[in-house]
Amino acid sequence: MTKYIVTITPPTPNGDLHIGHIAGPFLAADVFTRVQRQRGHDCVLVSYSDDYQSYMLRKGLEQGVEPMLLASRNSDRIQASLAAINIQPDNWLRPFQNVFFADAVREVFDKARAAGVIEFRDSQEAYCPDCAVWGYEAFARGLCNYCGAESDASQCENCAQAPDAQQMTDLRCKLCSQPVQWRSAHRGFLKLAQLKPALRDALLNRQWRQPLDAWLLDTLEHLHDWGVTRPGDAGLDLAADGSCRIHTWFMGLAGYMAAFREYAAQVGKPELYQQYWQSGQGTLVHFLGFDCVFSHAIVYPALLSTMDDLRVSQHFVPNQFLKLDGLNLSTSRNHAIWVADLARQACADSARLYLASIAPEESEGDFRLQQFLTWREELFGEFFPALLRVGAQGGESWWSGMCGPDAALLEALRLQWLKASQPDRFSMKDMASVLLDVIAITRTRLAEGRAVNHFAAFIAVIGLALIPDTTQRIVEAYALQMDRVNATILNGCAADYSI
Numbered sequence: 001m002t003k004y005i006v007t008i009t010p011p012t013p014n015g016d017l018h019i020g021h022i023a024g025p026f027l028a029a030d031v032f033t034r035v036q037r038q039r040g041h042d043c044v045l046v047s048y049s050d051d052y053q054s055y056m057l058r059k060g061l062e063q064g065v066e067p068m069l070l071a072s073r074n075s076d077r078i079q080a081s082l083a084a085i086n087i088q089p090d091n092w093l094r095p096f097q098n099v100f101f102a103d104a105v106r107e108v109f110d111k112a113r114a115a116g117v118i119e120f121r122d123s124q125e126a127y128c129p130d131c132a133v134w135g136y137e138a139f140a141r142g143l144c145n146y147c148g149a150e151s152d153a154s155q156c157e158n159c160a161q162a163p164d165a166q167q168m169t170d171l172r173c174k175l176c177s178q179p180v181q182w183r184s185a186h187r188g189f190l191k192l193a194q195l196k197p198a199l200r201d202a203l204l205n206r207q208w209r210q211p212l213d214a215w216l217l218d219t220l221e222h223l224h225d226w227g228v229t230r231p232g233d234a235g236l237d238l239a240a241d242g243s244c245r246i247h248t249w250f251m252g253l254a255g256y257m258a259a260f261r262e263y264a265a266q267v268g269k270p271e272l273y274q275q276y277w278q279s280g281q282g283t284l285v286h287f288l289g290f291d292c293v294f295s296h297a298i299v300y301p302a303l304l305s306t307m308d309d310l311r312v313s314q315h316f317v318p319n320q321f322l323k324l325d326g327l328n329l330s331t332s333r334n335h336a337i338w339v340a341d342l343a344r345q346a347c348a349d350s351a352r353l354y355l356a357s358i359a360p361e362e363s364e365g366d367f368r369l370q371q372f373l374t375w376r377e378e379l380f381g382e383f384f385p386a387l388l389r390v391g392a393q394g395g396e397s398w399w400s401g402m403c404g405p406d407a408a409l410l411e412a413l414r415l416q417w418l419k420a421s422q423p424d425r426f427s428m429k430d431m432a433s434v435l436l437d438v439i440a441i442t443r444t445r446l447a448e449g450r451a452v453n454h455f456a457a458f459i460a461v462i463g464l465a466l467i468p469d470t471t472q473r474i475v476e477a478y479a480l481q482m483d484r485v486n487a488t489i490l491n492g493c494a495a496d497y498s499i
C-alpha cells in the first residue's frame with residue numbers, strides 16, 4: 001500500500017492567508033489527504049512557516065520589527081486561519097531554532113556536496129551600496145530574462161523559471177529604485193546540468209497536470225547552475241562566519257523531511273520516517289502554486305537523486321492563480337479577502353466547497369463575493385437544512401434506493417468521483433463538480449417529495465473530504481453506518497457488504 005507524504009508549499013509569514021492561498025495548495029492538499037485516507041491509504045500532511053524567506057528581511061525592515069518575531073506572530077495567524085476553514089495539517093513546523101529543521105538542511109546539503117554537485121566559487125551578484133542590500137531576491141526587481149515579466153532574481157511568478165540576474169534587464173533596488181551594481185560574492189552553486197539524466201528519468205513520460213509537461217520539457221533543455229547560498233541575505237547559516245547561508249528555496253525538501261520527523265517524534269513513532277521515506281512505499285505529493293515548480297519539480301528531484309538512503313517517489317500538483325472580481329489578488333491595493341474574514345462571514349464547509357468548485361487547477365479562477373453569498377444561502381441556508389429534516393423523519397433504507405432504479409445514475413456519478421479522487425489524476429475541482437451535480441439532483445427530488453435517503457448517503461461519502469462537518473450531520477440525521485456506505489461507494493453495489 002502506498003504511503004503518501006502530502007506537502008503544502010510553505011507560506012511566507014509576512015501576513016495572513018487570503019482566499020488565493022486556500023483555493024490553491026492548502027485546500028487541495030487537505031482534500032487529497034482526507035480522500036486518500038477514505039480510500040484506505042496512509043497519509044501524513046505536513047507544511048511549515050517559511051521563516052527564512054528573503055522577503056521576511058524586507059518586511060521586518062519596512063515595519064521595524066525583528067523578522068523572526070514577525071514570522072512567529074504571522075505563523076500564529078496562519079495556523080488560526082487554517083483551523084477556521086478546517087484545514088488540518090498533521091504537523092506545522094516552525095523552522096527558526098528548530099533542531100529537526102537545521103539537521104535536515106545540513107543532511108541534504110552535505111549529501112549533495114559529497115556527490116560533487118555543489119561547487120563554491122566567486123560570482124558577480126546584484127548589490128545596492130546605498131541601501132547595503134543584496135539583490136538575490138526580495139531587495140531587487142527587474143525584467144525576467146526568460147519571459148520579460150517583472151520579477152525578482154529568484155523565481156519568476158509569470159514563467160516559473162529561475163532568472164539569471166546578470167541577464168535580466170532594468171534590475172533595480174526595491175528600496176531606493178536605483179539600478180543595482182555588481183559585486184563579487186563567494187557562493188555555492190548546485191550544478192543541475194550534471195543531474196539532467198536523473199531528472200529526465202524521474203520527470204519525463206509521466207502524466208502531469210497541464211502545463212507542467214511542456215514546462216518540464218523546455219526547462220530540462222536549459223538547465224544552469226543554481227545558487228544555493230546567499231551571503232548577506234536571509235537563510236539558515238551552516239557556517240559560523242556567514243559563508244554558508246542556505247536560502248529558503250533550496251531548503252524546501254529538508255523542510256518537509258524535518259516536518260515529518262517532528263511529527264513522528266510527536267506521536268511517539270520515529271519508525272514512521274523509515275516506513276514513508278526509506279521503504280520504497282512512499283510518495284511525496286507536492287501541492288504548490290505554479291510559480292514554485294522550479295524548486296519543487298527540478299531542484300528537489302535533483303537533490304533526492306543524491307540521497308541514496310531515501311527511496312521515495314514524487315508527484316507534483318501545481319495550480320494557477322485565483323482572481324478576485326476579475327483582478328489579481330493584491331494586499332498592497334487591499335484587493336483581497338482574508339481567510340479569517342471569510343470564515344467569520346460563512347461556515348467553513350461553504351467556503352471549502354465553493355473555493356474547490358472554482359479552484360484554479362489548470363487555468364485561472366475567479367472569486368466573486370456576492371455570487372458566493374447567494375450560492376451559500378441556496379445550499380447551506382436552504383438545501384442542507386431541508387435534507388437534514390427529511391433524515392430526522394426516517395424513511396426507506398439508503399441501500400434499497402442506491403441499488404434500485406437510480407443505480408445506473410449513481411454508478412455513473414460514482415465513477416466520475418473515483419476518477420477525480422485518484423492519486424495520480426487528483427482534481428478537487430472535479431470532485432466538487434460531482435458533489436454539486438448530486439446536490440442538484442437531490443434538490444429536485446426534495447421538491448418533488450420523492451425519497452432521497454440514498455442520495456443523502458451518497459452525498460455523505462463523496463462530500464466527506466470537501467464538507468466534513470456537513471457530512472457528519474447527514475450521517476447522524478440518517479443514522480448511516482458509514483463504514484458500509486463508504487465501502488459501497490468505493491466498490492459499487494454489485495459487491496457483497498455485510499459490515
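Heads up: the sequence shown begins at 1 in this note's numbering, then just goes up one per residue. Each residue gets a CB set at the ideal place from its N, CA and C atoms; glycine is no exception. Given the structure is predicted, the values throughout are model-derived calculations rather than measurements.
{"Query": "Beta-carbon contacts of residue 500 that lie in its chain and below 6 Å, excluding the five residues immediately before and after", "Result": "Since the first and last residues shown for the chain are 1 and 499, residue 500 lies out of range."}
{"Query": "Extent of the continuous alpha helix (DSSP H) to which residue 140 belongs", "Result": "Here residue 140 belongs to no alpha helix (DSSP H); instead the beta strand (DSSP E) covers 140-143."}
{"Query": "N-terminal and C-terminal residue of the beta strand (DSSP E) that residue 126 is part of", "Result": "118-128"}
{"Query": "Three-state class that DSSP yields for residue 158 in the structure shown", "Result": "coil"}
{"Query": "Whether residue 175 touches residue 82 by CB criterion (9 Å)", "Result": "no"}
{"Query": "With 16 other Cβ atoms within 10 Å as the buried cut-off, status of residue 322", "Result": "buried"}
{"Query": "Given residue 489 as reference, the closest of 467, 461 and 465 once Cα atoms are compared", "Result": "461"}
{"Query": "At least three beta-carbon pairs within less than 8 Å, the segment 36-52 to the segment 1-21", "Result": "yes"}
{"Query": "Backbone CA spacing between residue 90 and residue 112 [nearest angstrom]", "Result": "29 Å"}
{"Query": "Pair within 9 Å by beta-carbon distance, residue 479 and residue 391", "Result": "yes"}
{"Query": "Backbone secondary structure at residue 463 - three-state DSSP", "Result": "coil"}
{"Query": "For residue 498, three-class secondary structure by DSSP", "Result": "Because the pLDDT at residue 498 is just 41, under 50, the model does not fix this residue reliably, and the value given afterwards should be weighed accordingly. Note: residue 498 maps to coil in three-state DSSP."}
{"Query": "Meets three-Cβ-pair contact criterion under 8 Å: the segment 58-70 and the segment 118-128", "Result": "no"}
{"Query": "Inter-residue CB distance, residue 192 and residue 224 (contact presumed, cutoff 8 Å)", "Result": "7 Å"}
{"Query": "Residue 406 vs residue 420 beta-carbon contact at 9 Å", "Result": "no"}
{"Query": "Closest residue to residue 414 among 378, 105, 487 and 330 (Cα-Cα distance)", "Result": "487"}
{"Query": "Straight-line Cα distance separating residue 256 from residue 371", "Result": "37 Å"}
{"Query": "Endpoints, beta strand (DSSP E) assigned at residue 170", "Result": "169-173"}
{"Query": "Any alpha helix (DSSP H) of 4 or more consecutive residues that is wholly inside the segment 72-118", "Result": "99-114"}
{"Query": "Among 378, 300 and 276, nearest to residue 9 - alpha-carbon criterion", "Result": "300"}
{"Query": "Buried or exposed (CB count within 10 angstroms, at least 16 for buried), residue 161", "Result": "buried"}
{"Query": "Residue 289, DSSP secondary structure in three states", "Result": "strand"}
{"Query": "Identity of the residue in 140, 190 and 47 nearest residue 118 by Cα", "Result": "190"}
{"Query": "Residue 180 burial status per 10 Å Cβ neighbour count (16 or more: buried)", "Result": "buried"}
{"Query": "Contacts around residue 115, its chain only, beta-carbon distance under 7 Å, and the 5 residues preceding and following it disregarded", "Result": "306"}
{"Query": "Proximity to residue 342 [Cα-Cα], best of 398, 14, 296 and 23", "Result": "23"}
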